[in-house]
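Each remark here refers to the structure printed beneath this line.
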Amino acid sequence: MPPEPAIVVQNLGYAYPQGRMALQEVSFTLQEGESVGLVGPNGAGKTSLFLCLAGVLPRKTGQIRVANLDPADPVQRRQLPAHIGVVFQDSDDQLFNATVFDDVAFGPLNLGLPADEVRQRVVEALERVALRGFEERVPFHLSGGEKRRVALAGILAMRPHILLLDEPSTHLDPRGRRELIQLIQSLAVTRLIAAHDLELILETCQRCLLLDGGRLLADGPVHTVLADAALMEKHGLEVPYSLR
Amino acid sequence: MTLAFAQLPCPDSPLRRLDPRWKLAALLGAMVAVLLLRTLPTVASALLGAGVLALLARLPRRWYWLRLSALALVLVPFALPLPFLLPEPAGGVPLLQIGGLTLSHNGLHAALLLVGKSVALLTLALVLLATAPLDATLKAAHALHVPGVLIQLCLLTYRYIFVFVGELSRLRLALRLRGYRNRMSGHCYRTIGHVTGTLLVRSHERGERVAQAMRCRGFTGTFHSLTDFRTRPRDVVFALVVVTTAMALVGWDLSQR
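Given below as structure tokens:
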């Protein structure tokens, strides 16, 4: 029997509280272990899609299955954080504790894990992002790259097998971006990466989804979608330099 | 970074090494005792005790004096007129009379009490704040059964006040770069209103995003924390000395009334 897909989305619709549709008839499937890029102009609905998948925003229409769980079901939604991790675009939104240790421990504590395991997970996650020794640091005093890595450590400590990364390379210098790409590539999880940094998508993903105006307009191999100059221009994007 | 939002110093000291739970309980007890005092000798003794604790805590002098100065700014408008506003009791002789102004014993007593108690309370609060990171003090409060919601609220406020101040600084810089200067004009008042509104909207939006990030990581409203608090003999001795002294001062105060 083939394994269950990691994410199944069928005819997803989501409307902002003001009534405007943010997502309309979005359908796609992510297989376990796939790395998929999500591109589109500002306001395309990428972040809304992530929050719908994480069960934070309620869908208006359609069906979603994430790790075989339904985010609309309150009981199943409570199990989602153990399976799916979201790294937000602005790390300051995600680092809400007074110390790095507390922040990385936040998720595992919410999972109800014993104290020793929480400590072990924090150590492992900080090692994974090369930030051992930062435990007592205050998030406010970290650089943009360090904040991004702490945010990722906070998610890795929960050991999700699906990772949603929203604009992961924003505010990173070239070295920080390179380290992040290497880190993403080393993670053996299902990944959905939303980014304007199309070179990052090219390096880390095999498949690409194009979202604009809340609709999914393309779904195919990353080199095919990103090399389509007419499609990219029509939707406010550009063919990456490495494909020109 | 403004004075109010500067990081807490937390220098190494005998008080820094105490268990935050015992320290918090003892110093809160001492603060309540200071609030109850009504006679000058006991307030002077409390001030002395708070000073000893400040020395033991090795509070950075400049940091401490800056905060005392801020308190003085608040106190002076109240404490200075008191000796001239409060009358002597019937038949009492005023301390001094200059023209139409009468300096009364009662008023001077009240002013000295107000200043002495305020300085003692501020010193105790600063000792509490500067001898442990704020998150440790708040976790200690949680361990002492202060509701988790309050603790979470304080921690989030402490964390995001810096982000808020950073945003305000960027907005002020953007205004200056476009030629804005504070003046007494309608344009300036409107601009200040717009900046305040922008900050409020941005804070609200950030609050929404933070809440979403918390929910993504399994937060359901219950505050959890990992703490390594351990009670040692010196914690108990410190708490006993502080609480006993505070109770003795209250007893002495009651006997003097």
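Protein chains in written order, with this note's numbering: chain D, 1 to 244; chain L, 1001 to 1257.
Backbone N, C-alpha and C define an ideal beta-carbon position, used for all residues, glycine too.
When Cβ pairs closer than 8 Å are counted between the two stretches, the stretch 81-92 of chain D is seen to touch the stretch 144-163 of chain D, the count reaching three or more.
Apart from sequence neighbours up to five positions away, the residues of its chain that approach D/Val129 with a beta-carbon distance below 6 Å are Arg149, Leu152 and Ala153, ordered along the chain. In the three-state DSSP reduction, L/Thr1244 falls in the helix class (H, G or I). Chain L places a beta carbon closer than 8 Å to that of D/Phe88, counting this residue as a contact.
Of the candidates D/Ala229, D/Val225, D/His196 and D/Gly214, D/Val225 places its Cα closest to the Cα of D/Gln206. Inclusion of D/Pro108 and D/Ala157 in the CB contact set at 8 Å is warranted, their separation being smaller than that value. The Cβ atoms of D/Val39 and D/Val26 lie no closer than 8 Å to each other.
Your pair L/Val1043 and L/Ala1120 checks out as a contact, with CB atoms roughly 7 Å apart and the cut at 8 Å. Judged by DSSP in its simplified three-state form, D/Pro221 adopts strand. The CB of D/Val118 comes closer than 7 Å to the CB of Leu1226 in chain L, given here in chain order. L/Phe1078 is bridged by DSSP to nothing; it lacks a bridge partner. Assignment of D/Phe28 by DSSP, reduced to helix, strand and coil, places it in the strand class. One alpha carbon belongs to D/Leu49, the other to D/Leu23, and they sit about 7 Å apart. At least 8 Å separates the CB of D/Gln206 from every CB of chain L.
Check the Cα spacing between D/Leu30 and each of D/Gly220, D/Asp228 and D/Ala227: the tightest is with D/Gly220.
Beta-bridge annotation (DSSP): L/Gln1097 is paired with L/Thr1102. According to the DSSP assignment, D/Gln89 belongs to no beta strand (DSSP E), since it is labelled neither H nor E. Taking a beta-carbon distance threshold of 8 Å, D/Phe134 does not count as an interface residue toward chain L. Across the set D/Phe101, D/His235 and D/Leu80, the C-alpha of D/Leu80 shows the shortest separation from the C-alpha of L/Arg1215. In the same chain as L/Cys1154, and ignoring 5 residues on each side of it, the C-beta atoms closer than 6 Å to its own belong to Leu1138, in chain order. Ranked by Cα distance from L/Leu1024, the options L/Asp1228, L/Leu1124 and L/Leu1173 are led by L/Leu1124.
At least one beta carbon of chain L lies nearer than 8 Å to the beta carbon of D/Asn97. For a cut-off of 8 Å, the C-beta gap from L/Asp1135 to D/Asp212 is around 43 Å, too long to register as a contact. As a beta-bridge residue in DSSP terms, D/Gly37 pairs with D/Ile193 and D/Cys208.
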